[in-house]
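Each remark here refers to the structure printed beneath this line.
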Amino acid sequence: MNILTILFALASSARADGPIPVESRRELFVDHHLIERLDDARLELHRPQPREVAIVHDQPWEGNTCFYHTVFRDGEVYRMYYRGSHHVPGQSASHQTVCYAESKDGVTWTKPKLGLVEFNGSKENSIIWDGVGRHNFVTFKDPNPNCKPEARYKAIGGSKHEGGLFVFQSPDAIHWSLMSDKPVITDGAFDSQNLAFWDANRGLYVDYHRQGRAGKRDIMTCTSPDFLNWTKPQFLEYPGAPAEHLYVNQIQPYFRAPHIYLGFPKRFVPSRKSPIDHPLPGVSDTILMSSRDGETFHRWQEAFVRPGLQPDRWVCRNNLVAWGLVGTASHLAGAPDEISLYVIEGYYQGESCRVRRHTMRVDGFVSASAGLNAGHVLTKPLVFAGTQLELNFSTSAAGSVRVEIQDGDGKPVNGFSVADCPEIFGDSIARRVKWNSDADLSSIAGKPVRLLFELRDADLYSFQFVKAE
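This is the structure:
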């Protein structure tokens, strides 16, 4: 166990025994980790809104079972990787390749002709790999400060019949090679989108992959200091959640609050049959889960992405969310940037499936919410660093948010009571809170405090203590 892992564990233990050190991190309401009490308030799950079709998989090397998409932003370029394959009813997939697409804005995507891999007698295609691991080749850009230039981009992929998961490297995100000629993780089923990334919280590479448990599809995790030597995998835990088929995991540190892990597993219900004529059983949606340590997850039971009104999304294996959340310009003029995520639809249908972009406000997965008669959210004792409090919130025209800062004993700090806080209304992803006396919190920074949020017809998505500019 390395020193960062030890410190991460000690910090988690300290949070259970005393004030929670939020420091200057952005905190979301995706769980009850910071919440002491909700009075006439609730945590409300929000859902991304469907936008335009980003990609139609209509090229000969693609098809109607293109799957396991990965999306990330790399400087000025958005990159997408996915399996190209096609299914003819009653037959196995006609081919499997690893395909690539890119975009300048996350909205309009192109499939560059790379000239790397021959398909049907031609290299005029967007294929980057067709070797071992092509069934579920999943990539990421490695931010490890000790990463070698030739391995700046990494990937993981493989299956049970190939012996397990193999690892890959690339200097440029396009040209790939094996890092080992043997699989590096062998305990698992792997017949899904398995993934890995560098976790700065722990100073380790982290893997999440498919394995069965008690007759259900489930998720295992393991870690590595070098991407080659991995610990024995362990199952994730979901206290209080029912046993369900989790088809993929899509776990990632949330890019605006990387100490929080968000997962978007596709929930598979094999006992149900599609309402449209299709030979394979089962329907799917996507759910949301979150974690503070990457091992124990709070799982929302309501769907995060529903199949919706399109009949072909009620066929099994649809509604899978690509691995990766990216920031994009808002679809509304003058509005701040939003989050884009990409969802597969039309899987198994016709000659091609497609990927539809969905969007939501930043931090907008879950809100603390209340009606116009006012509700209150009281946090556990916190210790913060910074001089001002910033909120991501939305109210109605008649609604409002007010904030009280209490000392460790639950008494309002002089000058920072609810009565001292003018009503805050509107819709903002970064509004500073002001009290009648001051907005400067430097006198209580580093001391145990509680926050009391008064909400009237309002949603509070996140808060963060920041330094005054």
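Heads up: the sequence shown runs through residues 1 to 469, numbered per our numbering. Where a beta carbon is used, it is the ideal one built from N, C-alpha and C, also for glycine. On a predicted model such as this, the values are computed, not experimentally measured, just so you know.
According to DSSP, is residue i part of a helix, a strand, or is it coil?
| i | result |
| --- | --- |
| residue 403 | strand |
| residue 314 | helix |
| residue 23 | strand |
| residue 448 | coil |
| residue 9 | Low per-residue confidence applies at residue 9: pLDDT is 46, beneath 50, and the placement is therefore not dependable enough to give any value. |
| residue 199 | strand |
| residue 48 | coil |
| residue 285 | strand |
| residue 457 | strand |
| residue 473 | Within the shown structure, residues of the chain are numbered from 1 to 469, placing residue 473 beyond reach of any answer. |
| residue 338 | strand |
| residue 239 | coil |
| residue 466 | strand |
| residue 149 | helix |
| residue 74 | strand |
| residue 89 | coil |
| residue 186 | coil |
| residue 14 | Residue placement at residue 14 cannot be trusted, given a pLDDT of 42 that sits under 50; the coordinates are not used to answer. |
| residue 228 | coil |
| residue 392 | strand |
| residue 2 | Low confidence applies here, because residue 2 scores a pLDDT of 49, under 50, leaving its location unreliable and the question unanswered by this model. |
| residue 273 | coil |
| residue 265 | coil |
| residue 33 | coil |
| residue 292 | coil |
| residue 323 | strand |
| residue 254 | strand |
| residue 426 | coil |
Going by alpha carbons, who is nearest to residue i out of the options?
| i | options | result |
| --- | --- | --- |
| residue 281 | 146, 315, 342, 304 | 315 |
| residue 263 | 207, 22, 233, 313 | 207 |
| residue 56 | 33, 275, 198, 353 | 353 |
| residue 133 | 379, 179, 429, 151 | 179 |
| residue 435 | 59, 428, 418 | 418 |
| residue 369 | 461, 363, 330 | 461 |
| residue 286 | 321, 311, 108, 279 | 321 |
| residue 195 | 176, 203, 222, 138 | 138 |
| residue 254 | 291, 243, 279 | 291 |
| residue 309 | 302, 300, 319 | 319 |
| residue 341 | 250, 395, 410, 335 | 250 |
| residue 376 | 40, 323, 365, 19 | 40 |
| residue 438 | 387, 374, 297, 337 | 387 |
| residue 143 | 171, 49, 163 | 171 |
| residue 351 | 53, 34, 23, 64 | 64 |
| residue 252 | 165, 53, 240, 201 | 201 |
| residue 166 | 456, 173, 135 | 135 |
| residue 86 | 185, 33, 62, 432 | 62 |
| residue 298 | 304, 30, 221 | 30 |
| residue 300 | 289, 235, 294 | 289 |
| residue 343 | 422, 323, 222 | 323 |
| residue 257 | 468, 362, 229, 332 | 362 |
| residue 366 | 463, 150, 400, 284 | 463 |
| residue 423 | 401, 443, 163 | 401 |
| residue 459 | 409, 440, 364 | 364 |
| residue 117 | 432, 176, 433 | 176 |
| residue 275 | 311, 23, 293, 269 | 311 |
Name the one or two DSSP bridge partners that residue i has.
| i | result |
| --- | --- |
| residue 421 | Bridge partners of residue 421: none, in fact. |
| residue 209 | 220 |
| residue 173 | Partner(s): none; residue 173 has no beta bridge. |
| residue 382 | 20, 449 |
| residue 38 | 377 |
| residue 360 | 339 |
| residue 101 | 80 |
| residue 119 | 122 |
| residue 370 | 458 |
| residue 67 | 83 |
| residue 204 | 199 |
| residue 53 | 356 |
So residue i and residue j are supposed to be a Cβ contact under 8 Å. How far apart are they, rounded?
| i | j | result |
| --- | --- | --- |
| residue 190 | residue 210 | 6 Å |
| residue 429 | residue 392 | 5 Å |
| residue 381 | residue 21 | In fact, because the Cβ distance is near 10 Å, the residues do not count as touching under 8 Å. |
| residue 59 | residue 111 | 7 Å |
| residue 272 | residue 247 | The pair is not a contact, with the Cβ atoms about 14 Å apart (cut-off 8 Å). |
| residue 374 | residue 244 | About 36 Å; that fails the 8 Å criterion. |
| residue 465 | residue 378 | That pair is no contact at about 17 Å. |
| residue 212 | residue 185 | Their Cβ separation, rounded to whole angstroms, is 16 Å, which puts residue 212 and residue 185 out of contact at 8 Å. |
Compare the C-beta of residue i against all C-beta atoms of chain B and say whether one is closer than 9 Å.
| i | result |
| --- | --- |
| residue 403 | Chain labels in this structure do not include chain B; a single protein chain is all it has. |
Segment contact, 8 Å Cβ cut-off, at least three pairs: the segment 82-102 with the segment 33-47: no
Would the segment 434-451 count as touching the segment 395-409 if we require 3 or more Cβ pairs under 8 Å? yes
Determine contact between the segment 96-104 and the segment 79-86, defined as no fewer than three beta-carbon pairs at a distance below 8 Å. yes
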